[in-house]
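Novice:
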Amino acid sequence: MFLAVLLWIFTGVSCLAFAAKRWWFPGAISAHAEAYDRQLGLTLWACGAIFVAAQLLLGWAVYRFRNRGQSVRFSRGSNRLEFTWTTATAVVFLGLMFSGFGIWAKLHFERPPADALRVEVVAKQFAWSYRYPGPDGKFGRTDVRLVNDAAGNPFGLDEQDPAAQDDIVASALRVPEKTPVVLTLLARDVIHNFFVRELRLKQDVVPGMAIPLSFQADRPGKYEVACSELCGLGHHQMRSLLEVMTREAFDEWLREQAR
Ligand SMILES: [Cu+2]
């Protein structure tokens, strides 16, 4: 009896903890992030409903078959019940998987528009750097031998190349709101991970690979870019800023940098 009540209380408290949303994600700032949240909500509702039903039934079974001095009885189970709930579980599981897969695939496989803002990102122990092509719209040549952090050249920009001279290198990622952005993620040493909570985006950055990652942030503000792959002793310090700006503020910033 006591155990049954305890189970029901435990179930109620768990539901309340979720319903209160006291410890929840920071607000979503992109359509992808909102779709992702809806998918998570759907998964939580499906799992939550099954969890509550299972706990209530368990409590009921504990209560109903409590020891009242009766003789023991055994059940041989039911094939039909087994078949029904196994099938139902498979349908729910696959349904959730396929609807979630669509959100993931849209982000990673859909081609961004040709006029998307392109930014190169280089990750190294333990900092992020960002490169914009500058007014000519072209990324200049880089050479790994020219990489020099002390001189402010984390990309190894080759100043001999005219296209490189106007490239803008920054330590924060600034993007205009409601604009498609394509990042090219590069790593100089070990595996890092580009993670912005509000975008619900997380992508490994792997040495030797140029990994494209697109997003569109719709809400201006400042958000943390954190490295989300344990990459060494200074991993905890490896963070920078994503600043989503209004179109005018961004254009102004770009002009300022170009000067
Ligand atoms: Cu890292």
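Using the numbering used here, you'd call the opening residue of the sequence shown number 235 and step up by one each time.
Glycine is no exception: its CB is placed at the ideal position from the N, C-alpha and C atoms.
When you compare the CB positions of residue 456 and residue 477, do they come within less than 9 Å of one another, or not?
Specialist: Within the sequence shown, residue 456 is the residue found at index 222, counting from 1. Within the sequence shown, residue 477 is the residue found at index 243, counting from 1. Yes, they are a contact pair.
Novice: If you compare alpha carbons, which of 428, 364, 273 and 385 is closest to residue 354?
Specialist: Taking the first residue of the sequence shown as 1, we reach residue 354 at position 120. Residue 354 has its Cα closest to that of 364, out of 428, 364, 273 and 385.
Novice: Could you say if the segment 403-419 and the segment 325-345 meet the contact criterion of at least three C-beta pairs nearer than 8 Å?
Specialist: Contact fails: fewer than three Cβ-Cβ distances are below 8 Å.
Novice: Thinking C-beta only, is residue 465 closer than 9 Å to residue 473?
Specialist: In the sequence shown, the residue the question calls residue 473 occupies position 239. In the sequence shown, the residue the question calls residue 465 occupies position 231. Against a cut-off of 9 Å, the Cβ pair of residue 465 and residue 473 comes out as no contact.
Novice: Between residue 313 and ligand 1, is there a pair consisting of the residue's CB and a ligand heavy atom that are separated by less than 8 Å?
Specialist: Taking the sequence shown and counting its residues from 1, the one referred to as residue 313 is at position 79. Checking the Cβ of residue 313 against ligand 1 gives no.
Novice: Quickly, what does DSSP pair residue 447 with across the bridge? List them, please.
Specialist: To locate residue 447, count along the sequence shown from 1; it is residue 213. Its beta-bridge partners are 417.
Novice: Would you check if the distance between the CB atom of residue 439 and the CB atom of residue 463 is smaller than 9 Å?
Specialist: Your numbering for residue 439 matches position 205 in the sequence shown. Your numbering for residue 463 matches position 229 in the sequence shown. A contact, by the Cβ cut-off of 9 Å.
Novice: Just checking residue 424 against ligand 1 - is the residue's beta carbon closer than 8 Å to any of the ligand's heavy atoms?
Specialist: Taking the first residue of the sequence shown as position 1, residue 424 is located at position 190. Residue 424 Cβ: within cutoff of ligand 1.
Novice: How far does the beta strand (DSSP E) with residue 461 in it reach, from first residue to last?
Specialist: By one-based count along the sequence shown, residue 461 stands at place 227. Per DSSP, residue 461 belongs to the beta strand (DSSP E) from 455-461.
Novice: State the Cα-Cα distance for the pair residue 245 and residue 289, rounded to the nearest angstrom.
Specialist: Taking the first residue of the sequence shown as position 1, residue 245 is located at position 11. Taking the first residue of the sequence shown as position 1, residue 289 is located at position 55. Their backbone Cα atoms lie some 7 Å apart in a straight line.
Novice: Which residues mark the beginning and the end of the alpha helix (DSSP H) in which residue 319 is found?
Specialist: The residue you call residue 319 lines up with position 85 of the sequence shown. Residue 319 -> alpha helix (DSSP H) spans 313-343.
Novice: Mind checking residue 376: buried by the 16 CB within 10 Å criterion, or exposed?
Specialist: Your numbering for residue 376 matches position 142 in the sequence shown. So residue 376 ends up on the buried side.
Novice: Do residue 267 and residue 434 have their CB atoms nearer than 9 Å?
Specialist: Translated into the one-based positions of the sequence shown, residue 267 becomes position 33. Translated into the one-based positions of the sequence shown, residue 434 becomes position 200. Yes.
Novice: Anyone know if the C-beta pair for residue 358 and residue 421 falls short of 9 Å?
Specialist: Counting from one through the sequence shown, the residue named residue 358 turns up at place 124. Counting from one through the sequence shown, the residue named residue 421 turns up at place 187. Yes. Within cutoff.
Novice: Count the other CB atoms, across all protein chains shown, that sit within 10 Å of the CB of residue 432; report buried if there are 16 or more and exposed otherwise.
Specialist: For the purposes of this step, residue 432 is identified with residue 198 of the sequence shown, where counting begins at 1. By the neighbour-count rule (16 or more Cβ atoms within 10 Å), residue 432 is buried.
Novice: Which of helix, strand or coil does DSSP assign to residue 291?
Specialist: Counting from one through the sequence shown, the residue named residue 291 turns up at place 57. Helix, per DSSP.
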